[in-house]
Amino acid sequence: MPYEVQGVIARGKGQEVSLETVIVPDPGPGEAVVNVQACGVCHTDLHYREGGINDDFPFLLGHEAAGVVEAVGDGVTGLEPGDFVILNWRAVCGQCRACLRGRPWYCFNTHNAAQKMTLADGTELSPALGIGAFLEKTLVAAGQCTKVSAEAPAQVAGLLGCGVMAGIGAAINTGGVTRGDSVAVIGCGGVGDAAILGAQLAGAAKIIAVDVDDRKLEWARGFGATDTVNSRESDPVEAIRDLTGGFGADVVIEAVGRPETYKQAFYARDLAGTVVLVGVPTPEMTLELPLLDVFGRGGALKSSWYGDCLPSRDFPMLIDLFLQHRLPLDKFVSETIGLDQVEEAFAKMHRGEVLRSVVVF
């Protein structure tokens, strides 16, 4: 029998979200229904609401989630009811050219559930990042479920489903931060602070946090930043160069997703340094750089989707580090809220008052 639950819906661009009845089908072949225990309010959900991803309204929001498998469909192996899982939006196919070349974190054919969740009137919903988890039960492809230790609280584990994994992975996987590196992170929200944490975990010697908000810079210090720069008060490029002996940082991570901050990242890196874009731009944004500057600086310009993570590899490892008290994931949780407080959480996020509000069921 299909499940009938309440979910957070974005019906139109810029409209406040609403709490509406959602019909969740029984899992079909290769699918699973998951009892969502917690789901973080991620900036990507706000991007969806604002039409910054696409215009396939109505959206079922929420994607940064953890919970327990309720049921699985035919043909599902390695996953069964009762398993504690983090939901991921990179369910690798194993057959595309990226997977066959041993680079599954670039999988070009990630799986989502074949069936659609709907409103009570039959209107099909577009689930955020192929998940849709601001509701008590959600339907996903079985490959979107990554089993981890049930000892981790759901409100902490779920954060790896998007923002925290994106930031940690941007530093370690994409940026290749290693022992002794200098790292600058521009934008110290949840993703930026996760990048700082990842750089610290990788052994970076100097980690420079850049933001316009002193409160966020103080948070950044709590995640391992050795230096902070308020870019309202000083030129961040000059400040980063001053803090790195005049050379620029080995790795600069742009966690805002705007042309002006990307240019700062580009010019703040060392001559052969790496720029990592993990902030999410909107469709209308464009970037203009002198081609000679691109040619003359060497190094690498990279984009990081999901921190170039492989969920089956990275999620269990990071949860184990958390359980060993070596990775303070719980520090990202600013508050726990109810399902009817998501719109208010968006406002707090916009004002920079929280790192993560987490819906707990």
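The opening residue of the sequence shown carries number 1 in the UniProt record's numbering; numbering runs sequentially from there.
Note that CB positions come from ideal geometry on N, CA and C, so glycine has one too.
- [ ] Report all residues from its chain with a CB closer than 6 angstroms to the CB of A205; omit the five preceding and five following residues, and keep chain order.
- [x] Counting from 1 along the sequence shown, the entry for residue 205 is found at position 205. Cβ within range, chain order: G180.
Task: Minimum C-alpha distance to D227 - residue among V237, I207 and R241 - done: Sequence index remark: in the sequence shown, residue 227 carries index 227 (1-based). Per the Cα distances, I207.
TODO: Return the CA-CA distance between F266 and A195, expressed in angstroms with no decimal places.
DONE: As a first step, residue 266 must be located in the sequence shown, where it is residue number 266. As a first step, residue 195 must be located in the sequence shown, where it is residue number 195. Each residue's alpha carbon lies about 17 angstroms from the other.
- [ ] Pick out whichever of G67, D250, L277 and V212 has its Cα sitting closest to the Cα of P236.
- [x] Here residue 236 refers to the residue found at position 236 when the sequence shown is read from its first residue. Out of G67, D250, L277 and V212, V212 has the C-alpha closest to the C-alpha of P236.
Task: Contact under 8 angstroms by Cβ, I240 with G248 - done: For the purposes of this step, residue 240 is taken as residue 240 along the sequence shown, with counting starting at 1. For the purposes of this step, residue 248 is taken as residue 248 along the sequence shown, with counting starting at 1. Contact: yes.
Task: Selection from V85, E64 and G14 that minimises the alpha carbon distance to C42 - done: Here residue 42 refers to the residue found at position 42 when the sequence shown is read from its first residue. Closest in C-alpha terms to C42, from the list V85, E64 and G14, comes E64.
- [ ] Starting from T7, trace the beta strand (DSSP E) both ways and give me its first and last residue.
- [x] The count along the sequence shown starts at 1 and reaches residue 7 at position 7. As written in the sequence, residue 7 is Gly, which differs from the Thr given in the question. G7 -> beta strand (DSSP E) spans Y3 to A10.
TODO: Report yes if the C-beta distance between I86 and A157 is below 8 angstroms; otherwise report no.
DONE: On the sequence shown, residue 86 is found 86 positions in, with the first residue counted as 1. On the sequence shown, residue 157 is found 157 positions in, with the first residue counted as 1. Against a cut-off of 8 angstroms, the Cβ pair of A157 and I86 comes out as a contact.
Open item on the list: When you compare the CB positions of A199 and V276, do they come within less than 8 angstroms of one another, or not?
Closed with: Indexing the sequence shown from 1 puts residue 199 at position 199. Indexing the sequence shown from 1 puts residue 276 at position 276. Cβ distance not < 8 angstroms, so A199 and V276 don't count as in contact.
TODO: Tell me whether L287 is buried or exposed, calling it buried when 16 or more other Cβ atoms sit within 10 Å of its Cβ.
DONE: For the purposes of this step, residue 287 is taken as the residue at position 287 of the sequence shown. L287 should be labelled exposed.
Open item on the list: Does the contact criterion of 3 or more C-beta pairs under 8 angstroms hold for the segment 14-21 versus the segment 91-108?
Closed with: no
TODO: Output the distance between the C-alpha atoms of T282 and E50, rounded to the nearest integer angstrom.
DONE: Along the sequence shown, read from residue 1 onward, the residue named residue 282 stands at position 282. Along the sequence shown, read from residue 1 onward, the residue named residue 50 stands at position 50. Between the alpha carbons of T282 and E50 lies a gap of roughly 10 angstroms.
Open item on the list: Measuring CB atoms only, is the segment 314-324 touching the segment 109-116, in the sense that at least three cross pairs come out at less than 8 angstroms?
Closed with: Contact between the segment 314-324 and the segment 109-116 is absent, because fewer than three Cβ pairs lie under 8 angstroms.
- [ ] Pick out whichever of Q264, V34, V333 and A300 has its Cα sitting closest to the Cα of K137.
- [x] Taking the first residue of the sequence shown as 1, we reach residue 137 at position 137. For the residues Q264, V34, V333 and A300, the minimum Cα distance to K137 belongs to V34.
Task: Range of the contiguous beta strand (DSSP E) that encloses C145 - done: In the sequence shown, residue 145 corresponds to position 145, counting from 1. Element bounds for C145: C145 to K147.
Task: DSSP bridge partner residues for G187 (one or two, in chain order) - done: Taking the first residue of the sequence shown as position 1, residue 187 is located at position 187. The partner list for G187 (beta bridge, DSSP) is empty, contrary to what the question assumes.
TODO: List the endpoints of the continuous beta strand (DSSP E) containing S357.
DONE: Locating residue 357 in the sequence shown gives position 357, where the first residue counts as 1. Residues R356 to V360.
TODO: Return the CA-CA distance between G122 and P81, expressed in angstroms with no decimal places.
DONE: In the sequence shown, counting from the first residue as 1, residue 122 sits at position 122. In the sequence shown, counting from the first residue as 1, residue 81 sits at position 81. Going by the C-alpha atoms only, they are around 27 angstroms apart.
- [ ] Kindly indicate which three-state DSSP category L119 falls into: helix, strand or coil?
- [x] On the sequence shown, position 119 is the one that residue 119 refers to. Looking at L119 - three-state DSSP - the assignment turns out to be strand.
- [ ] State buried or exposed for E353, treating a residue as buried only when at least 16 other CB atoms are found within 10 Å of its CB.
- [x] Position 353 of the sequence shown, counted from the first residue, corresponds to residue 353. Burial call: exposed.
TODO: Report yes if the C-beta distance between Q144 and T336 is below 8 angstroms; otherwise report no.
DONE: Here residue 144 is taken as the residue at index 144 of the sequence shown, counted from 1. Here residue 336 is taken as the residue at index 336 of the sequence shown, counted from 1. It is not a contact, given that the beta carbons lie outside the stated cut-off.
Open item on the list: I'd like to check one pair, D308 with N173: are the Cβ atoms closer than 8 angstroms?
Closed with: Taking the first residue of the sequence shown as 1, we reach residue 173 at position 173. Taking the first residue of the sequence shown as 1, we reach residue 308 at position 308. It is a contact, given that the beta carbons lie within the stated cut-off.
Task: A32 and A71 closer than 8 angstroms at C-beta - done: Position 32 of the sequence shown, counted from the start, is the residue given in the question as residue 32. Position 71 of the sequence shown, counted from the start, is the residue given in the question as residue 71. Yes.
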